[in-house]
Amino acid sequence: MATAALRFPPLLSSRATPTTTAATFTRRTSSATLRVAAQPESAPASTSTSVSDEPPEFSPPAGFAPPVPRRLAIKEGQLGSIAGAALAVPFRLGTGLFVQGYSVSLVSADKIPADQYSLEFLGLKVRETSKIDQCRRPEKPIEIYEFEGCPFCRKVREMVAVLDLDVLFYPCPQKGPTFRPKVLEMGGKKQFPYMVDPNTGVAMYESDDIIKYLADTYGDGTVPIMLSLGLFTTITAGLAMIWRVWKGSSYTVSKLPPQPIEIWA
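First residue of the sequence shown? That's 1 in UniProt numbering, and the numbers climb one at a time after it.
Next up, the structure:
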């Protein structure tokens with residue numbers, strides 16, 4: 001299943017790195033996070049290059065009680081909201097549910113490594129594959145300025161999921177004071193979605209152009225059929241959100257977090 005990260009801009013952090021303690025820098029990749037520690041100027045240089053192969057030990061905090069498994073349930077009073085959000089599945093035919101080139105097959109159990117999770121069916125195991133590992137990955141997160149209640153923005157979010165991209169989403173609802181004015185400053189128009197790719201220097205408006213760019217740059221050039229039907233795509237994207245009453249379209253007074261929020265969805 002595709003994933004996508006939802007973050008606020010890292011420049012919002014007001015925390016400065018002290019020069020008298022070890023500073024840590026993080027570089028995200030598609031499969032891991034590389035952390036490099038810089039030693040303070042006063043620290044003596046170490047000549048040892050040995051690295052312990054022993055895995056780190058972890059222990060639960062005092063008083064920790066593991067959660068008790070229970071059946072999936074909908075919180076009281078949320079049934080209508082969940083039902084409205086579920087309209088996206090039939091209207092959009094599940095677009096964004098699977099990554100590009102996703103396929104499944106049934107294979108014998110010995111074809112799946114013992115330490116790898118896999119569903120079982122009739123004595124066989126399910127093998128899942130896709131084309132994503134053959135596609136280019138952005139070194140830096142792509143920036144997309146959009147808002148939840150916009151059908152054009154929804155189309156781009158679906159393409160992000162299809163390509164399993166790491167993206168910084170900047171919410172720009174009506175009267176939003178933080179990121180909405182920034183789009184006017186950068187692109188000259190308050191039009192959404194607006195994409196900035198720091199990996200290539202490309203910036204653009206228009207959802208269909210953004211979708212095609214992402215497909216060509218970070219996919220195999222293929223645009224899913226439900227994202228390539230022009231006006232029909234836009235209409236169904238709007239219908240998918242109609243029971244949400246355009247939630248996410250208007251700004252509510254809020255406090256920005258000091259660090260980006262990461263959401264896998």
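Where a beta carbon is used, it is the ideal one built from N, C-alpha and C, also for glycine.
Separation of residue j from residue i, as counted between CA atoms
i: residue 250; j: residue 243; result: 16 angstroms
i: residue 194; j: residue 162; result: 19 angstroms
i: residue 235; j: residue 172; result: 21 angstroms
i: residue 85; j: residue 95; result: 14 angstroms
i: residue 123; j: residue 83; result: 35 angstroms
i: residue 181; j: residue 62; result: 47 angstroms
i: residue 228; j: residue 65; result: 49 angstroms
i: residue 164; j: residue 80; result: 29 angstroms
i: residue 106; j: residue 265; result: 27 angstroms
i: residue 224; j: residue 53; result: 45 angstroms
i: residue 57; j: residue 115; result: 20 angstroms
i: residue 8; j: residue 97; result: In this predicted model, residue 8 has a pLDDT of only 46, less than 50, meaning its place in the structure is not dependable; the value taken from the coordinates is given anyway. Taking the straight line from one Cα to the other gives about 24 angstroms.
i: residue 206; j: residue 188; result: 14 angstroms
i: residue 46; j: residue 226; result: Only weak support exists for where residue 46 lies, its pLDDT of 45 falling under 50; the value from the coordinates is given anyway. Approximately 58 angstroms, taken between the alpha carbons.
i: residue 117; j: residue 90; result: 29 angstroms
i: residue 252; j: residue 263; result: 20 angstroms
Beta-carbon proximity list for residue i, same chain, < 8 angstroms, skipping 5 on both sides
i: residue 254; result: none
i: residue 230; result: 208
i: residue 199; result: 138, 139, 140 and 142
i: residue 220; result: 100, 101, 131, 134 and 135
i: residue 119; result: 125 and 126
i: residue 222; result: 100 and 215
i: residue 111; result: 125 and 127
Segment limits, alpha helix (DSSP H) that includes residue i
i: residue 88; result: 88-92
i: residue 232; result: 231-239
i: residue 158; result: 151-163
i: residue 185; result: 180-187
Close beta carbons around residue i, own chain, < 7 angstroms, minus the five adjacent residues each side
i: residue 88; result: 240
i: residue 202; result: 213
i: residue 245; result: none
i: residue 77; result: none
Distance CB(residue i)-CB(residue j) smaller than 8 angstroms
i: residue 130; j: residue 101; result: yes
i: residue 218; j: residue 113; result: no
i: residue 190; j: residue 184; result: yes
i: residue 204; j: residue 211; result: no
i: residue 146; j: residue 169; result: yes
i: residue 158; j: residue 247; result: no
i: residue 72; j: residue 178; result: no
i: residue 144; j: residue 99; result: no
Counted within 10 angstroms of its Cβ, other Cβ atoms place residue i as buried (16 or more) or exposed
i: residue 152; result: buried
i: residue 108; result: exposed
i: residue 186; result: exposed
i: residue 215; result: buried
i: residue 261; result: exposed
i: residue 55; result: exposed
i: residue 68; result: exposed
i: residue 92; result: buried
i: residue 197; result: buried
i: residue 192; result: buried
i: residue 233; result: buried
Close beta carbons around residue i, own chain, < 6 angstroms, minus the five adjacent residues each side
i: residue 237; result: 151, 154 and 155
i: residue 104; result: 126 and 128
i: residue 70; result: none
i: residue 74; result: 82
Beta strand (DSSP E) segment containing residue i, residue limits
i: residue 105; result: 103-107
i: residue 203; result: 202-204
i: residue 286; result: Any property of residue 286 remains undetermined from this structure, which presents the chain solely from 1 to 265.
i: residue 168; result: 167-171
i: residue 144; result: 142-146
i: residue 79; result: It is not in any beta strand (DSSP E) - residue 79 instead sits in the alpha helix (DSSP H) that spans 79-85.
i: residue 194; result: 194-197
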